[in-house]
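Peer 1: Going by our numbering, the sequence shown runs without a break in its numbering and finishes at 176. To start, I am sharing the structure in question, which I have written as structure tokens.
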Amino acid sequence: MSEDFGIVDELADLDEFDEEILRAVRDVAQRRDPMPAGMVERIQFEMTLAALRAEIAELQAGTPAEIRTGAAALTDTVTFRGTAVSLMVRTRSDQGAGTDPGTVDLECWVSEAHARIELWGPGGPRSGVADQHGRLEFLAVRRGPVRFVVHPVQGVPVATPAVEL
């Protein structure tokens with residue numbers, strides 16, 4: 012047993028019974044206190060955001076913090092403004108018969124053509140590149156909290172706060 016890590020050395024000698032107890036504790040913890048849905052994606056987003064040192068866009072006043080639609084034909088719009096770029100997102104849930112009611116289509120307009128837009132949401136990260144008019148669609152996006160990261164052709168990425176679809 013080493014002087015500095017004596018307790019670790021003592022714990023290192025686990026037998027099969029100890030391992031069985033630890034497995035039982037893990038199973039109980041997973042059943043009683045499971046990891047929240049989307050936690051891994053949120054952690055990945057936060058780590059990516061920190062690595063990017065991205066600017067955080069502001070949700071514009073006058074737009075709802077949530078953009079959940081109540082009826083199939085309703086659409087809602089939310090706008091984010093950063094120093095260099097702005098992003099407007101509109102939900103469209105009138106997808107027609109046979110589509111998943113738990114999803115919406117998103118129409119995005121960014122103030123810079125050809126910017127890459129990442130969507131971080133319940134289905135994991137997705138990305139696309141805006142056309143020459145700054146338009147991009149994300150189809151069949153699962154409802155839940157989403158965030159966007161806009162990567163201008165040149166300049167600092169801009170991340171949005173989360174909104175609920």
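We put the beta carbon where it would ideally sit given N, CA and C, even for glycine. The structure displayed is predicted, hence computed values, not measured ones.
(1) Fully enclosed by the region 107-169, which beta strand (DSSP E) runs are 3 residues long or longer?
(2) Who pairs with D87 in a beta bridge, going by DSSP?
(3) CB L98 to CB I67, shorter than 9 Å?
(4) Who are the near neighbours of T94 in its chain, counting only those whose CB is closer than 7 Å to its CB and skipping five residues on each side?
(5) Going straight from the alpha carbon of E175 to that of L117, what length do you get?
(6) Run through DSSP, which three-state label would V51 get?
(7) Kindly indicate which three-state DSSP category V174 falls into: helix, strand or coil?
(8) Along the chain, where does the alpha helix (DSSP H) containing A95 start, and where does it finish?
(9) Looking at the structure shown, is L25 part of a helix, part of a strand, or coil, going by DSSP?
(10) Measuring CB to CB, does W131 end up less than 9 Å from V96?
Peer 2: Looking at the atomic coordinates:
(1) 114-121, 127-132, 135-140, 146-153 and 156-162
(2) T102
(3) no
(4) E66
(5) 13 Å
(6) Note: V51 maps to helix in three-state DSSP.
(7) strand
(8) Here A95 belongs to no alpha helix (DSSP H), and DSSP marks it neither H nor E.
(9) In the structure shown, L25 sits in coil (DSSP, three-state: anything other than H, G, I, E or B).
(10) no
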